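Residue numbers (the working numbering), protein chains in the order written: chain A, 1 to 312; chain B, 1 to 289; chain C, 1 to 249.
One structure is given here, and the rest of the page talks about it.
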């Protein structure tokens, strides 16, 4: 990796009571936060409003209520704000028929940069795409397309970088590479926002995490806090067997079980230790000679994970 | 105490496995329904139903008028085919892309090819399907007319005896005309990657050919001028239907002025069908999606 | 401010010719030329025939079919293509006024369409030119095609930007309105861009180019044409400025 560019001026993004609705659908509901230089993660299940918030921060969408300020100037409706912001959108769409180099250079020229070619070279080097830069983008792998998009967004040296699910579809090696690039950029003092729906993707990259569920800001805090909250929550399992009542009685004796609920269509078990319980269920069934026909964890969906966070 | 794993989940299929013919037939029927937009939601149905209704309209109006007024002057069968040529061209221009370009765009062609049908089978099934669907538009109104001619007059039995020979040309005519339009539309659509471009190319074809005919009419002379009538697909259909029903074209009409032997039109129709089918098959020659 | 607009133009240019559309353009340019071959082969080439052929071919085929088809394909793609591909966003997050972006794209579409049709006309004329076919003939049709491109592309740009089915709607307009209605119902002729083209050709032809039934008076052409052009462009620009990345129709 080449030496980093000169650090840009520190910026701050401030959202105050921002809401955005489309007719009857509320995509973002009264969200407020301030972002400082460094990497922030925007977490949430699909449909939580992450992309909407990113687009509002990029100045592409006007908030229906509230204000989005970048360096104390409103983000929307102001073409000059785009000099400060780089957006890497989620959809893979980049111009297929251009080469990587042509694309980045076009981005540089669209910003009327004084030396577009040099800026393009710098950006491409920074994402380590110098080798394939003259091939058509249609021949790139997914990871390479993402990287060339980052180069296009970096070329005008923005103080703010917004990445919408950048790790989608990347294999672990590509992801590590991207993490490196982003870490470097974060250290340069830019404000970087990465949206994702998988917490582990962000690893130790993001210092601060904002969690969004159904348009609301559900939690914010340090990465490790959030992760602890998420893994320590009680898990729920749904079990159907040939003799529910006897199985329930046997499981109630187990140490790892919080609660057992016997219902019309099976047993619902809550536990704090998932691993231990799964082994014990099998053992209990074997010992009581009961046949298990279904074991289903009921709240593995991200929705419930985040909903749990909201409830907390 | 024994431990056993109960295989309650994945079961193997032990039923009948149908072969290639069944696959082809299913694909054919599925495509016929798709040509009328069934199973695709409201918007996909609008256009084909509208055009189909349009083709039936004059026949139904005729019946209404004739039964009300008692006068039994019907549109002749051959005139009907010419008239509905435009509607049929529109129908195939819109639906041929639906049948084959959708699969290319969505990548589902490879799904079909992983079944016991080859790419050539696929193409032929689609051609058969579009022809069948278009036959509804060509044959249907003619049958309506036929029924009207038989049942509206005072003595249906006599009318039937007069008319029943017409059934052969009606059937043959509608089938071949449907094949004509369908094969051209499919051949053109097989080159496109997006539906809209396929529609554009079919429409371009049906716009350019009459235009070229018009130009040829104004500058050529003699035999070339007369034979240039084969440039215009609508006129080819018209000539063909007149030959089928053994009617003389009026001297003022374009076909009449061309004064070509009736079989010329038949061969033109057959020739176009053959060429288009060949083009279509060569596009699907390799078993690749 | 020239650099960025040139880039927008360049991007649009690259996009218009992506995906085999270059072949389409080539075929369009060559088609009238090929027809002149057939003319040579098939006719006796008498006095006055070449003129009739040129007039007929240019009117019916070039202005009548090739121009609207080319305009519809390139016009709807210039705007709709970017939105469909999802790449429009890269043009919007820039410190560039959006009306400038819209105008640039429109002008590129117009230039490309006009260039293709002009090349087609010139090629065919060069094949047949003689004393009977003065330069006024291609000139008048080229003028007509430029005017036609301007108006058609404005219309189709708007349609392509606003709906996903822009190409189909444009085609429907061409078939139904221009080919069926306007030919049959004289009262509607003044709304058909094709008839504008024919009238402009006659006007620019200075007596050499004459059609018996070009019935749209020139003032109507200028007035109605300008209204359509300016109106469609204004709506396109307005839509671009409000473009907010909501899924469009």
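Note that beta-carbon positions come from the ideal geometry of N, C-alpha and C, so glycine has one too.
Remember, predicted model here, so these are calculated numbers, not experimental data.
Quick one, which of 223/C, 195/C, 225/C, 209/C has its alpha-carbon nearest residue 216/C's? The count along the third chain starts at 1 and reaches residue 216/C at position 216. Ranking 223/C, 195/C, 225/C, 209/C by Cα distance to residue 216/C puts 195/C first.
What residues of chain C sit near residue 58/A, judged by a beta carbon separation below 7 Å? On the first chain, residue 58/A is found 58 positions in, with the first residue counted as 1. Under the 7 Å cutoff, chain C gives 93.
Put residue 209/B into one of helix, strand or coil per three-state DSSP. The sequence position of residue 209/B within the second chain is 209, counting from 1. Residue state, collapsed to three classes: helix.
What residue range does the alpha helix (DSSP H) around residue 238/A cover? Counting from 1 along the first chain, the entry for residue 238/A is found at position 238. From DSSP, residue 238/A is part of no alpha helix (DSSP H) but of the beta strand (DSSP E) over 235–241.
Status (buried if at least 16 other CB within 10 Å, exposed otherwise) for residue 73/A: Translated into the one-based positions of the first chain, residue 73/A becomes position 73. By the neighbour-count rule (16 or more Cβ atoms within 10 Å), residue 73/A is not buried but exposed.
Look up residue 37/B in the DSSP assignment and say whether it is helix, strand or coil. By 1-based counting over the second chain, the position of residue 37/B is 37. Of the three classes helix, strand and coil, the one that applies to residue 37/B here is coil, per DSSP.
Extract the residue ranges of the alpha helix (DSSP H) inside the stretch 249–279 of chain B, only unbroken runs of 4 or more that lie entirely within it. Every alpha helix (DSSP H) stretch that sits fully inside the stretch 249–279 of chain B and reaches 4 residues is listed by chain position as 254–258.
What does the alpha-carbon distance come out to for the pair residue 245/B and residue 88/B? For the purposes of this step, residue 245/B is taken as residue 245 along the second chain, with counting starting at 1. For the purposes of this step, residue 88/B is taken as residue 88 along the second chain, with counting starting at 1. Taking the CA atoms as reference points, residue 245/B sits about 20 Å from residue 88/B.
Can you name the residues of chain C whose CB is closer than 7 Å to the CB of residue 203/B? Numbered from 1 along the second chain, position 203 holds the residue referred to as residue 203/B. Those are 171, 175, listed as they occur along chain C.
Determine whether the Cβ of residue 142/B lies closer than 8 Å to any Cβ atom of chain C. Your numbering for residue 142/B matches position 142 in the second chain. It does not; no Cβ of chain C falls within 8 Å.
Using only the alpha-carbon positions, how far apart do residue 193/A and residue 85/A sit? In the first chain, counting from the first residue as 1, residue 193/A sits at position 193. In the first chain, counting from the first residue as 1, residue 85/A sits at position 85. Using only the alpha carbons, I get a separation of about 11 Å.
With distances taken Cα to Cα, identify the nearest neighbour of residue 190/A among 52/A, 38/A, 23/A, 20/A. Counting from one through the first chain, the residue named residue 190/A turns up at place 190. Of the candidates 52/A, 38/A, 23/A, 20/A, the one whose C-alpha sits nearest the C-alpha of residue 190/A is 38/A.
Nearer than 7 Å: is that true of the beta carbon of residue 43/A relative to any heavy atom of the ligand SAH? The ligand SAH is absent from the structure shown, which contains no ligands of any kind.
How would you list, in chain order, the residues of chain C whose beta-carbon sits under 7 Å from the beta-carbon of residue 93/A? As a working note, residue 93/A is residue 93 in the first chain. Neighbours of residue 93/A across chain C, judged by C-beta separation under 7 Å: 85, 86, 87.
Any residues in the stretch 222–233 of chain B with a beta carbon nearer than 7 Å to a beta carbon of chain C? Which ones, in chain order? Residues are counted here when their Cβ sits less than 7 Å from a Cβ of chain C; for the stretch 222–233 of chain B these are 224, given in chain order.
Drop a sphere of 10 angstroms on the beta-carbon of residue 154/B, count the other beta-carbons inside from all chains shown, and report buried for 16 or more, exposed for fewer. In the second chain, residue 154/B corresponds to position 154, counting from 1. When all chains shown are included, residue 154/B counts as exposed.
When the Cα of residue 120/C is compared with those of 36/C, 218/C, 17/C, 236/C, which residue comes out closest? For the purposes of this step, residue 120/C is identified with residue 120 of the third chain, where counting begins at 1. When 36/C, 218/C, 17/C, 236/C are compared, the shortest CA-CA separation from residue 120/C is found for 36/C.
Enumerate, from N- to C-terminal direction, the unbroken alpha helix (DSSP H) stretches of 4 or more residues contained entirely within the stretch 156–198 of chain C. Segments of the alpha helix (DSSP H) lying fully in the stretch 156–198 of chain C: 166–172.
Would you please verify whether the beta carbon of residue 100/B is less than 8 Å from any beta carbon of chain C? Residue numbering aside, residue 100/B sits at position 100 when the second chain is read from its first letter. So no, residue 100/B is outside the interface.
Determine which residues of the stretch 105–122 of chain A have a Cβ less than 8 Å from any Cβ of chain C, and write them out in chain order. Taking 8 Å as the Cβ-Cβ cut-off against chain C, the residues of the stretch 105–122 of chain A that qualify are 106, 107, 109, 110, 111, 112, 116.
Could you tell me how far apart the beta carbons of residue 223/C and residue 55/C are, in whole angstroms, since I believe they sit closer than 8 Å? If you number the third chain from 1, residue 223/C lands on position 223. If you number the third chain from 1, residue 55/C lands on position 55. About 26 Å separates the beta carbons of residue 223/C and residue 55/C, which is beyond the 8 Å limit, so they are not a contact pair.
Counting only beta-carbon separations shorter than 8 Å, does residue 82/A have a partner in chain C? Position 82 of the first chain holds residue 82/A. It does: the Cβ of residue 82/A has a partner Cβ on chain C nearer than 8 Å.
Assign residue 267/B to one of two classes, buried (16 or more other C-beta atoms within 10 Å of its C-beta) or exposed (fewer than that). Residue numbering aside, residue 267/B sits at position 267 when the second chain is read from its first letter. By the 10 Å Cβ count, residue 267/B comes out exposed.
Give the C-beta separation of residue 228/B and residue 52/C to the nearest angstrom, bearing in mind that I take them to be a contact with Cβ-Cβ under 8 Å. Taking the first residue of the second chain as position 1, residue 228/B is located at position 228. Taking the first residue of the third chain as position 1, residue 52/C is located at position 52. Approximately 15 Å separates the beta-carbon atoms of residue 228/B and residue 52/C; this is outside 8 Å, ruling out the contact.
Which class does residue 212/A belong to by DSSP, given the choice of helix, strand or coil? The count along the first chain starts at 1 and reaches residue 212/A at position 212. Taken through DSSP and simplified to helix, strand or coil, residue 212/A comes out as strand.
Enclosing alpha helix (DSSP H) for residue 57/B [first to last residue]: Residue mapping note: residue 57/B aligns to position 57 of the second chain, counting from 1. It spans 42–69 - the alpha helix (DSSP H) in which residue 57/B sits, taken as one unbroken run.
Give me, in chain order, the residues of the same chain whose beta-carbon lies closer than 6 Å to that of residue 201/C; leave out the 5 immediate sequence neighbours on both sides. Locating residue 201/C in the third chain gives position 201, counting from the first residue. 140, 141, 144, 209.
Quick one: what does DSSP say residue 222/A is sitting in, helix, strand or coil? If you number the first chain from 1, residue 222/A lands on position 222. If DSSP states are grouped into helix, strand and coil, residue 222/A belongs with the strands.
Ordered list of beta strand (DSSP E) runs contained in the stretch 41–80 of chain A, each at least 3 residues: DSSP runs (the beta strand (DSSP E)) wholly in the stretch 41–80 of chain A: 65–70.
Mark residue 167/B as exposed unless 16 or more other C-beta atoms lie within 10 angstroms of its C-beta, in which case mark it buried. One-based indexing of the second chain puts residue 167/B at position 167. By the Cβ neighbour-count rule, residue 167/B is exposed, with fewer than 16 other Cβ atoms within 10 Å of its own.
For residue 103/A, collect the residues of the same chain with a Cβ closer than 7 Å to its Cβ; drop the 5 residues on either side in sequence, then sort them by chain order. Taking the first residue of the first chain as 1, we reach residue 103/A at position 103. If the five residues before and after residue 103/A are omitted, its C-beta is found closer than 7 Å to the C-beta atoms of 94, 95, 137, 148, 152, all from its own chain and listed in chain order.
Could you compute how far the alpha carbon of residue 48/B sits from the alpha carbon of residue 255/B? Taking the second chain and counting its residues from 1, the one referred to as residue 48/B is at position 48. Taking the second chain and counting its residues from 1, the one referred to as residue 255/B is at position 255. Cα to Cα, residue 48/B sits roughly 30 Å from residue 255/B.
Along chain B, in chain order, which residues have C-beta atoms closer than 7 Å to that of residue 73/C? The residue you call residue 73/C lines up with position 73 of the third chain. Around residue 73/C, the beta-carbon contacts reaching into chain B at under 7 Å are 200.
For a contact defined as C-beta to C-beta under 7 Å, what are the partners of residue 98/A on chain C? Taking the first residue of the first chain as position 1, residue 98/A is located at position 98. Neighbours of residue 98/A on chain C, chain order: 14.
Segments assigned beta strand (DSSP E), at least 3 residues, entirely inside the stretch 118–193 of chain A: Listed in chain order, the complete beta strand (DSSP E) runs (minimum 3 residues) inside the stretch 118–193 of chain A are 160–164.
In chain B, which residues lie with their C-beta within 8 Å of the C-beta of residue 61/C? As a first step, residue 61/C must be located in the third chain, where it is residue number 61. Here the neighbours are 208, 211, 212, 215.
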